[in-house]
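Position one of the sequence shown corresponds to residue 572 (the working numbering), numbered consecutively onward.
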Amino acid sequence: QQEPAPAEGGIIKRAWIGHWQDCATQPGHISIRGGQYNYDPWAHLRFATVDTATTEAEVGGLKRGQKSDPDYYVLAVWSLFVTPKGAALTLLDLDRDRIEGPDIAPRMERAWRKWRLAFLAVEKIGERTIYQTAKRRGLPLREISTSDSEDVIYRIDRDKSARAYAATPLMADGRFHVPA
Numbered sequence: 572q573q574e575p576a577p578a579e580g581g582i583i584k585r586a587w588i589g590h591w592q593d594c595a596t597q598p599g600h601i602s603i604r605g606g607q608y609n610y611d612p613w614a615h616l617r618f619a620t621v622d623t624a625t626t627e628a629e630v631g632g633l634k635r636g637q638k639s640d641p642d643y644y645v646l647a648v649w650s651l652f653v654t655p656k657g658a659a660l661t662l663l664d665l666d667r668d669r670i671e672g673p674d675i676a677p678r679m680e681r682a683w684r685k686w687r688l689a690f691l692a693v694e695k696i697g698e699r700t701i702y703q704t705a706k707r708r709g710l711p712l713r714e715i716s717t718s719d720s721e722d723v724i725y726r727i728d729r730d731k732s733a734r735a736y737a738a739t740p741l742m743a744d745g746r747f748h749v750p751a
């Protein structure tokens, strides 16, 4: 966000991020750490996290001085599997785009059908219409919000930097993987 960061990363180190690739010996499986782990992501929990790119300050217009909206809608599809060290996350797919509100729910539904997701965890801070539209389409939604409701899967009670710090043990322990 227009703030330079060290190439290595200020909070998350590049070396902590593991990579996966298609397993050469087992079709449909993915291989992590040169074959240390080979697993079928379809046999494990799959879910998505969704940032609708709207915040309360942005709803209804651009921020002061902006010519265009810099924020991206981002839908990340994850697989959760267990290693001897504990739970690990694998990024399976990423949909990142600058799109308008009415286009978000259909994209969420497309990902839900394609990946047969258990649920979509949606940031529900600013624009509630997107959340409500997706819910009416029958999507299994869980909230990422400041609320205490039973639909909340992750309660936001800290700023983004603090939440990033909270994720570093998983990454530093080699349990976070993205496509090679």
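In this text, a Cβ means the ideal position worked out from N, Cα and C, and glycines have one as well.
Subject >> Residues that Ala658 bridges to, as DSSP identifies them >> reply: Sequence index remark: in the sequence shown, residue 658 carries index 87 (1-based). Answer by DSSP bridge pairing, in chain order: Val653.
Subject >> Straight-line Cα distance separating Trp587 from Met742 >> reply: Stepping through the sequence shown from its first residue, residue 742 is reached at position 171. Stepping through the sequence shown from its first residue, residue 587 is reached at position 16. C-alpha separation (whole angstroms): 5 Å.
Original post:
If you drop the 5 nearest sequence neighbours on each side, which residues of the same chain put their C-beta closer than 7 Å to that of Asp611?
Top reply: As a first step, residue 611 must be located in the sequence shown, where it is residue number 40. Closer than 7 Å at Cβ, skipping near neighbours: Gly599 and His600.
**OP:** Indicate whether at least one CB of chain B lies closer than 9 Å to the CB of Val749.
**Re:** Absence of chain B from the displayed structure is noted, only one protein chain being present.
**OP:** Report, in whole angstroms, the separation of the C-beta atoms of Leu662 and His748, which I expect to be a contact under 8 Å.
**Re:** The residue labelled residue 662 in the question sits at position 91 within the sequence shown. The residue labelled residue 748 in the question sits at position 177 within the sequence shown. Between His748 and Leu662 the Cβ distance is about 7 Å, and since that is below 8 Å, they are a contact.
**OP:** Pull up the DSSP beta-bridge partners for Glu714, would you.
**Re:** In the sequence shown, residue 714 corresponds to position 143, counting from 1. Beta-bridge pairing links Glu714 to Val693 and Val723.
Subject >> Opening and closing residue of the alpha helix (DSSP H) in which Ile701 lies >> reply: Counting from 1 along the sequence shown, the entry for residue 701 is found at position 130. Looking at the DSSP string, the run of the alpha helix (DSSP H) that includes Ile701 is Arg699 to Arg707.
Original post:
Is Gly606 buried or exposed, if buried means 16 or more other CB atoms sit within 10 Å of its CB?
Top reply: In the sequence shown, residue 606 corresponds to position 35, counting from 1. So Gly606 counts as exposed.
**OP:** In the DSSP assignment, find the unbroken beta strand (DSSP E) run with Arg617 in it and report its ends.
**Re:** The sequence position of residue 617 within the sequence shown is 46, counting from 1. Leu616 to Asp622 is the extent of the beta strand (DSSP E) around Arg617.
Original post:
What are the boundary residues of the alpha helix (DSSP H) that Trp591 is part of?
Top reply: Numbered from its first residue, the sequence shown carries residue 591 at position 20. From DSSP, Trp591 is part of no alpha helix (DSSP H) but of the beta strand (DSSP E) over Gly589 to Asp593.
**OP:** Spatial neighbours of Gly581 within its chain, please: CB distance less than 6 Å, with the 5 preceding and 5 following residues excluded, ordered by chain position.
**Re:** Taking the sequence shown and counting its residues from 1, the one referred to as residue 581 is at position 10. Answer for Gly581: no residue qualifies.
Original post:
Could you give the distance in angstroms between the alpha-carbon of Ile715 and the alpha-carbon of Arg699?
Top reply: By 1-based counting over the sequence shown, the position of residue 715 is 144. By 1-based counting over the sequence shown, the position of residue 699 is 128. Rounded to whole angstroms, Ile715 to Arg699 spans 12 Å at the Cα level.
**OP:** Can you grab the Cα-Cα spacing for the pair Arg678 / Lys695, in whole Å?
**Re:** What you label residue 678 is simply residue 107 of the sequence shown in a count that begins at 1. What you label residue 695 is simply residue 124 of the sequence shown in a count that begins at 1. Near 17 Å, if we compare the C-alpha coordinates of Lys695 and Arg678.
**OP:** Assign Ala751 to buried or exposed, taking buried as 16 or more other Cβ atoms, counted over all protein chains shown, within 10 Å of its Cβ.
**Re:** Working through the sequence shown from its first residue, we reach residue 751 at position 180. Exposed, by the Cβ-count rule.
Subject >> Limits of the alpha helix (DSSP H) - the one that Ile675 falls within >> reply: Against the sequence shown, residue 675 aligns to sequence position 104. Looking at the DSSP string, the run of the alpha helix (DSSP H) that includes Ile675 is Ile675 to Trp686.
**OP:** Provide the residue(s) that pair with Ala647 in DSSP beta bridges, ordered along the chain.
**Re:** Numbered from its first residue, the sequence shown carries residue 647 at position 76. In DSSP, Ala647 forms a bridge with Thr620 and Leu665.
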